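Structure first, commentary second.
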Amino acid sequence: MVREAMIVSAQPEASEAGARVLMAGGNAVDAAITAALVQGVVDPQMCGIAGFGNCQIHMPSKGVHTCIDFHGKTPLSATPEMWENLIEGETRDGFGFVLKGNINDLGYQAITTPGSLKAYGEAISQYGTWDWADIVAPAIAQADEGFRVRPHVYFWWVNGADHGRVPVDQRLSFSSIGKRSYFNSSGNLKKIGEKVHIPEMANTLRKIAKQGVESFYTGEIAEQIASDMKTNGGLLSYDDLASYSTTVTEPLTGDYRNYRITTNQPPGGGVMLIEMLNILENFDLKKIGHNTSEYIRVVAEAMKLATADKDRHVGDPQFVDVPLSKLLSKDYAKSVSERIMNGEKMTVERYGSNEPKQTTHVAVVDYDGNCVTMTHSLGMPSGVITDNLGFMYNGCMAVFDPRPNRAGSIAPGKSRFSSLAPTIVSKDGQPFIVLGAPGGTQIAMGILQSVVNVIDFDMNMLEAVSAPRFSATSNLIDVMNRIPSYITNNLEGQGYEIARSALSFGIAAVHGIRIQDGKLDGGADPGHDGVALKV
19 MVREAMIVSA QPEASEAGAR VLMAGGNAVD AAITAALVQG VVDPQMCGIA
69 GFGNCQIHMP SKGVHTCIDF HGKTPLSATP EMWENLIEGE TRDGFGFVLK
119 GNINDLGYQA ITTPGSLKAY GEAISQYGTW DWADIVAPAI AQADEGFRVR
169 PHVYFWWVNG ADHGRVPVDQ RLSFSSIGKR SYFNSSGNLK KIGEKVHIPE
219 MANTLRKIAK QGVESFYTGE IAEQIASDMK TNGGLLSYDD LASYSTTVTE
269 PLTGDYRNYR ITTNQPPGGG VMLIEMLNIL ENFDLKKIGH NTSEYIRVVA
319 EAMKLATADK DRHVGDPQFV DVPLSKLLSK DYAKSVSERI MNGEKMTVER
369 YGSNEPKQTT HVAVVDYDGN CVTMTHSLGM PSGVITDNLG FMYNGCMAVF
419 DPRPNRAGSI APGKSRFSSL APTIVSKDGQ PFIVLGAPGG TQIAMGILQS
469 VVNVIDFDMN MLEAVSAPRF SATSNLIDVM NRIPSYITNN LEGQGYEIAR
519 SALSFGIAAV HGIRIQDGKL DGGADPGHDG VALKV
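If you want the working numbering, it's the position in the sequence shown, counting the first as 1, plus 18.
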């Protein structure tokens, strides 16, 4: 029995809002959704009510274990071939495509039908205990107050997009509200510690608190959104909003060294996580040694294989036949592990370059042992802010494959693949680790290493999310700067190309909670601004 409660998120303001809910008697769902709404206020390019995501809810005493998938869906006016002749490139890690004029990346045509607010409302109505207006109230208060620019927010504003992507300052200045809110009187981006205040966002949240979620999908707000989209050539319409629905599924399950892994179904990234764990189960990782050159080689090859399989097979299961039985097969994993043992190098063809991603995460465990892990995002934000509404829309069209007849191709009403993988690891039938991460295609890679750090190397949660990470979502191996060069030199001697980051922390930003003997310990990735709060 859990005797404590904890929340961890990438923003201190959100963690505090959720902690206050727990202290006031709210359950894990109440706390998670309250925190998520605050995240959309204080990190408005990472997530928000016009975003997408996935939420795993586990309430053991009530027999509830479910995932709410709320990926953004392609507007009904989109067609598979509409951008086929505009392709200029693809990012190295497969996060998206670069088109002429950045039409899929910046502006009104970059927007998919948002699912976040719909999912927040459904989670509260079905599994929460608080009134909706009380859930939204902390976000309204935060929007009224504004927020001070934190270090990671500023870092992303300055460094968050390159290699063919539209720079972040162009996204922030795309709308009149953005120009006024994110830049100072001299026309420069606001610095760390300066305040951002968007009163239109507070007013929109007030309407949502009073009128309910449907105001965004069929009511006054929906009409404002649809009018703005039509005026500016957007793909999104009122019919897209009115017809949007979440997808509720059972978690995708796997096993790793007698631990049960539960994560999300496609089009999310859970399948990659379980596939990689199945491969690594055939290696004595502890004997190989944490972050040795051989360890990095083995894990990187598992990452490359899972990435290639994802590119080839994984998409929206309503449109694509995803061969889960093969991808999650222990026999398949065994055959792959034998190839890795024999020194074979997997191939993931890409062109372009790596870049950070725009997502965030919240994880909660309450006093009754209920668990919530939710990753939500704007993708690369579109830059669009409708006058009088205040929030920025997602830019998820950039991730769809503009080439027809592929797993990730555009189709009306289709959800895009994402690497989101909110995960719960159970031991002897009880939740043991509750975790997730932002980080684009690096998400599954960061979660993988954190799970292995706890299970194979006996790390606590903070140690697990803080240890140096690496990733291979192309033929390169990306490493963070705390991995010594004498380790990577050995890999280069074996013919591997290493891309060393100047950053000390990265490869997703994992946030998690470990549950042991009724006690909780949490970890917020040091590379972001977050915090774990125990109450």
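Virtual Cβ for every residue (Gly too), placed ideally from N, Cα, C.
The structure displayed is predicted, hence computed values, not measured ones.
Where the beta strand (DSSP E) through residue i begins and ends
| i | result |
| --- | --- |
| Ala517 | 515 to 518 |
| Gln448 | 448 to 454 |
| Ala173 | One detail in the question is off: residue 173 reads as Phe in this sequence, not Ala. Note, Phe173: premise wrong, no beta strand (DSSP E); alpha helix (DSSP H) at 169 to 177. |
| Gly107 | 105 to 108 |
| Phe115 | 115 to 117 |
| Leu55 | Segment 46 to 60 is the alpha helix (DSSP H) holding Leu55; no beta strand (DSSP E) there. |
| Leu494 | 494 to 497 |
Residue i classed as buried or exposed, judged by whether at least 16 other C-beta atoms fall within 10 angstroms
| i | result |
| --- | --- |
| Ile239 | buried |
| Ile210 | exposed |
| Asn250 | exposed |
| Tyr504 | exposed |
| Asp257 | exposed |
| Glu540 | Strictly speaking, residue 540 in this sequence is Gly, with Glu absent from that position. Burial call: buried. |
| Val82 | exposed |
| Met359 | exposed |
| Met41 | exposed |
| Asn202 | exposed |
| Ala151 | exposed |
| Gln467 | buried |
| Glu356 | exposed |
| Lys328 | buried |
| Glu15 | Because residue 15 is not part of the residues shown, which for the chain are 19 to 553, the question remains open. |
Beta bridge counterpart(s) of residue i as assigned by DSSP
| i | result |
| --- | --- |
| Thr377 | Ser395 |
| His76 | His83, Cys389 |
| Met24 | Val383, Lys552 |
| Thr271 | Thr280 |
| Thr131 | Lys91 |
| Leu538 | Ile533 |
| Thr265 | Asp87 |
| Ile210 | In the DSSP output, where bridge partners are listed per residue, Ile210 has none listed. |
| Met410 | Ile403 |
| Asp419 | Ser427 |
| Phe488 | Val497 |
| Ser433 | Lys91 |
Nearest-angstrom Cβ-Cβ length linking residue i and residue j, presumed shorter than 8 Å
| i | j | result |
| --- | --- | --- |
| Val528 | Ile465 | 6 Å |
| Asn493 | Val366 | 6 Å |
| Val332 | Pro269 | Actually they are not in contact, since the Cβ atoms of Val332 and Pro269 sit about 16 Å apart, beyond 8 Å. |
| Leu509 | Ile516 | 6 Å |
| Asn412 | Gly69 | 5 Å |
| Lys552 | Glu22 | 6 Å |
Other residues of its chain near residue i: CB distance less than 6 Å, five sequence neighbours each side excluded
| i | result |
| --- | --- |
| Ala53 | Ser27, Ala32, Ala35, Gly36, Val380 |
| His546 | Ala28, His170, Ala527 |
| Gln460 | Ser489, Ile525, Ala526 |
| Ala542 | Val26, His529, Gly548, Val549, Ala550 |
| Ser199 | Val214, Ile216 |
| Ala49 | Ile25, Gly36, Val39, Leu40, Val382 |
| Thr267 | Cys85, Gln283 |
| Trp101 | Leu117, Pro420 |
| Leu480 | Gly541 |
| Ala462 | Gly287, Met290, Leu291, Ser437, Ala439 |
| Phe192 | Gly401 |
| Ile306 | Glu312, Tyr313 |
| Arg434 | Cys414, Val417, Phe418 |
Boundaries (first-last residue) of the alpha helix (DSSP H) holding residue i
| i | result |
| --- | --- |
| Lys445 | That residue, Lys445, is in no alpha helix (DSSP H); its beta strand (DSSP E) goes 441 to 445. |
| Leu346 | It is not in any alpha helix (DSSP H) - Leu346 carries neither H nor E in the DSSP assignment. |
| Lys225 | 217 to 229 |
| Lys304 | 303 to 306 |
| Glu238 | 238 to 249 |
| Arg330 | 311 to 331 |
| Thr506 | 503 to 511 |
| Gly464 | 461 to 473 |
| Pro156 | 150 to 163 |
| Lys197 | 194 to 200 |
| Val235 | The question names Val, but residue 235 in the sequence shown is Tyr. Segment 232 to 235, the alpha helix (DSSP H) holding Tyr235. |
Close-in-space but distant-in-sequence residues of the same chain around residue i (CB under 7 Å, 5 per side omitted)
| i | result |
| --- | --- |
| Met364 | Glu319, Lys322, Leu323, Ala326 |
| Pro544 | Ser484, Phe523 |
| Val452 | Ala381, Val383, Cys389, Thr391, Ile442, Gly530, Ile531 |
| Asp273 | Ile279 |
Proximal residues to residue i (C-beta, below 8 Å), its chain only, five neighbours per side dropped
| i | result |
| --- | --- |
| Met219 | Val59, Pro62, Ala161, Leu407, Gly408, Phe409 |
| Pro430 | Thr92, Pro93, Leu94, Ser95, Ala96, Thr97 |
| Leu521 | Met498, Asn499, Gly545 |
| Met247 | Tyr126, Ile129, Leu253, Leu254, Ser255 |
| Gly146 | Gly44, Asn45, Val47, Asp48, Ile51, Ile153 |
Neighbour flag for residue i against chain B, beta carbons, 9 Å
| i | result |
| --- | --- |
| Ile533 | This model lacks chain B altogether, as it is built from one protein chain only. |
Distance cut-off 8 Å: residue i Cβ against heavy atoms of the ligand FAD
| i | result |
| --- | --- |
| Ala28 | Inclusion of the ligand FAD in the displayed structure is not the case, the ligand content being empty and no account of it being possible. |
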